[in-house]
Structures are given as structure tokens and as C-alpha cells.
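Accompanying notes for the structure given below.
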Amino acid sequence: MKSIAIIIAGLALTGLLSACSGHKPVKTVSTSKESATKAVKPQARADRNLYYLPPPPMPDQRTVEDVLQAYGPYATNKLAHYFAKAKVAYPPREVTFIALKQERKLELWAKDSGEFRFIRDYNIQAASGVAGPKLRQGDKQVPEGIYRIVGLNPNSNYHLSMKLNYPNEFDLFHAWQEGRAHPGSDIFIHGKAASIGCLAMGDEAIEELFVLAAQVGTDNMKVVIAPHDPRTYPLEAGIFGLPEWTHELYWNISREIKALSPVEKSAKKGL
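Residue 1060 in the numbering used here sits at position 168 of the sequence shown; the count goes up by one each step and never skips.
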């Protein structure tokens, strides 16, 4: 097992090219809820154009704190409205994003002291590839699986971005088993409306999501990416060409999504 761990660690270093290659270096950020909440206070009105946006710093010099100052008041005020409707305290203790490739939706779920509740969803503006997990660098696939946010990038060429921990341990293990030396890397949730292998959310949506991540803390966030919504119909791994282990992957994804709240999916459209 020690030799397998060494091989997997080596595979993690092989992703030399970015799926969304325009991203600048990401600093890993884990912001505590208390400090982020103090840094961002909502104002009285939620009109994005009414908020003063200070001149941006020089390229590559903007910090997460700069983003919170520029976009935090509007994003916080807007998010607080949705959280109040869902009866979840803001900022919450934990957050889960559910990205549905076929539906082109990203759902926001959160909890404070109770169960996870649906907060709202966002349209995914662009996402390349088809159903099925990402297998190699350059395949233009959005990965499928259960991921964490490991970095907030305030200097992305795609406005703002949040880096996922693809390839995770599951991805690396199966890449090693199949002899795939380059499973890919640098998968982001970002702004703008163009992407190759990432999830492009548009600028206003990524401002909300970025501010939320900074306030909640990336250690308290999870991202589940599925080929389609398993609450609508089951995930099928029998598509020609998919690896045998896709059955296990889809079982894990379905379990994560359905565990949030199997009864709230049908009611969420009324929020």
C-alpha cells in the first residue's frame, strides 16, 4: 500500500496543463466564518449598480479581502434574502454545491444547526464534454465526483474562480490502476461564459459564490458533480466506453445528493 500511495502522489503532480488554462496561480484560502462576516456587511438595498466598486488593484495583486470589499455587500445582501426564505442562518455552518451537467444547473444547499436545506440554484453558463467522468488531460470533460474547494483565486482571467481538488484520491487511484499518467488538473468553478473542463457561472453568480465561500470557509464546503439529477432518474453507468468503476462512482454521487434532503427537491421551485 505504501508503494501505491507513492504512485498516487506522483500522479497528482503530473497535471502540467490547465483545463481552463487562462487561470493565474491560486492561493489556498480557508477563511473563518467570524472574520469574513466582520469584513462584509450588507447594505440597505440590493441593486448591484448602487454599490461603489473601488478601482481594482494592479494585475495579480488583488486579494480575497479586496473581493469582499468590492462585491461583499451586494452578494451578502442578496444571499441573505434566499437564506431567510429557507430559514437557514447566514452565513451557514456548511455548504454543498450540486452541479448537474445535463440540466446545466448548480444548486446551493446549506445548513446551520439543523438539516441541509435548498437555498437557490444558478444556471451554468458553459461546461464542455458529455456524461461520464474525466479520465485524462485534454479530454475537455467536466469531472464527476465528490470534491472540495482548495483555493480561492481573486486574480483569475475568468473574473473570479474557485479551484476544486480534482483529481481527488478516488480519481488518482483509478488512474493508477489503469495506467493513466495524466488524469488532468486545474478544474475550477469560475466566472465568464466560456470554459473547457470547468464550470463557467457568469460574473455575477461567481461573485456570490466566491463571497459565500470566503465567509463560510472552504473547509466547510463540498462540491458534488453529477452527469444528471439522480433524484429525477437513476444514474446509469452502463454507457458504452465508461470504466467499470463508474458504477461505484455513481452510487457515491447518488448517495451524497439524496442524503441532503430527499423530500425538498420537488418543493424548491416555489422559493
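Every residue, glycine too, gets a C-beta built ideally from N, C-alpha and C.
For residue j and residue i, believed in contact at Cβ under 8 angstroms, the rounded distance
i            : j            : result
residue 1037 : residue 1141 : 6 angstroms
residue 1097 : residue 1014 : 5 angstroms
residue 1145 : residue 991  : Their Cβ separation, rounded to whole angstroms, is 10 angstroms, which puts residue 1145 and residue 991 out of contact at 8 angstroms.
residue 1034 : residue 1004 : Not really, about 30 angstroms apart at Cβ, beyond 8 angstroms.
is_contact[residue i, chain C] using C-beta, thresh 8 angstroms
i            : result
residue 1015 : You won't find chain C in this structure, because it holds only one protein chain.
Neighbourhood of residue i by C-beta distance below 6 angstroms, restricted to the same chain and skipping five residues each side
i            : result
residue 978  : 1009 and 1011
residue 957  : none
residue 988  : 1001 and 1114
residue 1032 : 1020, 1021, 1088 and 1089
residue 997  : 1013
Rounded C-alpha distance that separates residue i from residue j
i            : j            : result
residue 1061 : residue 975  : 33 angstroms
residue 985  : residue 1000 : 13 angstroms
residue 1040 : residue 1124 : 25 angstroms
residue 1051 : residue 1082 : 7 angstroms
residue 1066 : residue 1131 : 18 angstroms
residue 1068 : residue 1088 : 24 angstroms
residue 1126 : residue 1149 : 12 angstroms
residue 970  : residue 1056 : 25 angstroms
residue 994  : residue 1119 : 6 angstroms
residue 1103 : residue 1109 : 10 angstroms
residue 963  : residue 1070 : 44 angstroms
residue 1137 : residue 966  : 43 angstroms
residue 1095 : residue 1048 : 11 angstroms
residue 1143 : residue 952  : 41 angstroms
residue 1059 : residue 1030 : 14 angstroms
residue 1063 : residue 1074 : 11 angstroms
residue 961  : residue 1129 : 45 angstroms
residue 1151 : residue 1121 : 13 angstroms
residue 1101 : residue 959  : 12 angstroms
residue 1147 : residue 1139 : 12 angstroms
Beta-carbon contacts of residue i that lie in its chain and below 7 angstroms, excluding the five residues immediately before and after
i            : result
residue 1022 : none
residue 1072 : 1027 and 1028
residue 955  : 1046
residue 852  : Here the chain covers residues 893 to 1163 and nothing more, so residue 852 does not appear.
residue 1079 : 911, 1035, 1056, 1058, 1089 and 1090
Bridge-paired residues (DSSP) for residue i
i            : result
residue 1012 : 1000
residue 1092 : 1018 and 1082
residue 990  : 999 and 1116
Contacts around residue i, its chain only, beta-carbon distance under 8 angstroms, and the 5 residues preceding and following it disregarded
i            : result
residue 1134 : 1024 and 1025
residue 1092 : 1016, 1017, 1018, 1019, 1050, 1082, 1083, 1084, 1085 and 1086
- Message: Report the start-end ranges of each beta strand (DSSP E) in the segment 1023-1075 that is 3 residues or longer and not cut off at the edges.
- Response: 1037-1039, 1041-1045 and 1053-1056
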